[in-house]
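Working notes, structure below.
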Amino acid sequence: IALSYCWGKDPILATNLSNLQDFQESIAIKELPRTVRDAIIVTRRLRIRYLWVDVLCIVQGSDSFALSDWEKESAKMHHIYGGAILTLSAAHAVDANGGLFHQSSLEAQLLCTLSPGSKYSGRAILGLETPQFFIKQEPLNSRAWTLQESLLSSRVLSFGTSGLRWKCDQVLYHETTPNLQHHGSDLIGTETLITMKIMSGVVQERLSSKPKQILKEWKAILENYSQRRLTYDTDKLPAIAGLAQLVNRSCHDRYLAGLWKSDIAQQLMWIHRGRLTGNVIEYSRQMQFRAPSWSWASVNGRIQFP
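Position 245 (the sequence shown) corresponds to 245 in the UniProt record's numbering; numbering is contiguous.
Here it is in structure tokens:
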């Protein structure tokens with residue numbers, strides 16, 4: 001099982017060079033942040049032996065050993081989240097102490113069920129807002145790293161503002177509407193979800209016939225990704241590298257600082273929409289080099305393709 005969550009601003013227990021040997025022997029559960037403790041409970045209830053948590057499984061710090069370990073492990077996100085039986089998502093929590101278990105929003109549960117009449121089958125469910133509204137407002141979905149964590153995972157159990165959600169390669173279920181199947185993705189369009197399935201090998205089709213569609217959806221992923229926030233701006237490309245590995249496996253293309261060579265003319269047409277800070281839109285570029293100026297990764301904030 002893998003865990004997807006927000007760290008938050010406050011320091012949390014982490015593996016570093018000084019405690020690495022001790023942690024390899026044992027870790028006091030009571031010292032772990034609440035979200036990790038809750039994830040351990042779920043993992044044990046499911047009788048699964050291993051839980052992957054980034055802050056514990058990747059050595060943290062600014063020393064050369066930690067930086068080397070981060071560089072090596074951060075490049076494995078495709079294998080970690082893509083290979084996990086299940087990803088637990090602390091979608092509602094603003095930090096690592098927010099936990100998985102919480103009281104769901106009452107607004108999301110105020111639903112009205114209507115019968116369409118004798119001539120029609122099924123039912124209509126009306127709510128104050130759609131489940132997607134609450135999903136987009138959740139703290140986890142404002143973070144850049146968590147987009148690929150969600151898309152790479154074959155199964156995600158989200159502890160969200162509006163209740164529990166289950167997403168797999170076939171369907172998306174919401175606790176508030178348990179009898180409805182929401183086909184598609186909770187964050188991006190149905191076409192993009194299908195493309196991700198094809199890239200990950202879930203859909204058994206000839207990948208060679210799909211490169212144009214995959215490159216088209218890559219732009220949709222970038223538009224979503226660019227709206228999200230990073231603690232360290234230098235992570236702009238590393239935080240989406242796992243998805244890039246999937247694209248490369250399917251398209252066998254050359255990756256150029258966030259763009260693909262075979263579609264370079266189209267992908268160079270990105271527009272910088274900026275980043276909203278308070279009531280002001282900032283159009284800032286990188287302070288420290290992370291990508292060439294022609295790449296979308298060189299700017300901070302939202303981008304859009306025509």
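The C-beta atom is built at its ideal place from N, Cα and C for all residues, glycine as well.
One alpha carbon belongs to ALA220, the other to ILE80, and they sit about 23 Å apart. Contact between ILE135 and SER226 is absent: CB atoms are separated by about 18 Å, not below the 8 Å threshold. For TYR81, there is no enclosing beta strand (DSSP E); the enclosing alpha helix (DSSP H) has its first and last residue at 77-83. The criterion of a C-beta distance shorter than 7 Å is not satisfied by SER142 and ARG275. Contact between the region 154-165 and the region 238-257 is absent: fewer than three C-beta pairs spanning the two stretches fall below 8 Å.
The shortest CA-to-CA distance from GLY8 to any of PRO139, VAL42, ASP22, ALA2 is the one to PRO139.
Contact check for SER4 against THR87 passes: the beta carbons are separated by less than 7 Å. The beta-bridge partner set that DSSP reports for ILE303 consists of HIS272. Here the alpha carbons of ILE27 and LEU20 stand approximately 10 Å from one another. By the C-beta density criterion, ASN279 is exposed, having fewer than 16 other C-beta atoms within 10 angstroms.
Rounded to whole angstroms, LYS212 and PHE289 show a C-alpha spacing of 30 Å.
Classified as buried, PRO238 has 16 or more neighbouring CB atoms from the shown chains inside 10 Å of its CB. Between HIS78 and GLN245, the gap from beta carbon to beta carbon is short of 7 Å.
If only complete runs of 3 or more residues are kept, the region 224-300 shows the beta strand (DSSP E) at 271-277, 280-282, in order along the chain.
Contact check for ALA265 against ALA291 fails: the beta carbons are separated by 7 Å or more. Annotation: THR234 to ALA297 spans about 9 Å, alpha carbon to alpha carbon.
Looking at the backbone, the Cα of TYR283 and that of ILE271 are separated by about 11 Å. About 5 Å separates the CB atoms of ALA66 and VAL59; that is less than 8 Å, so the two are in contact.
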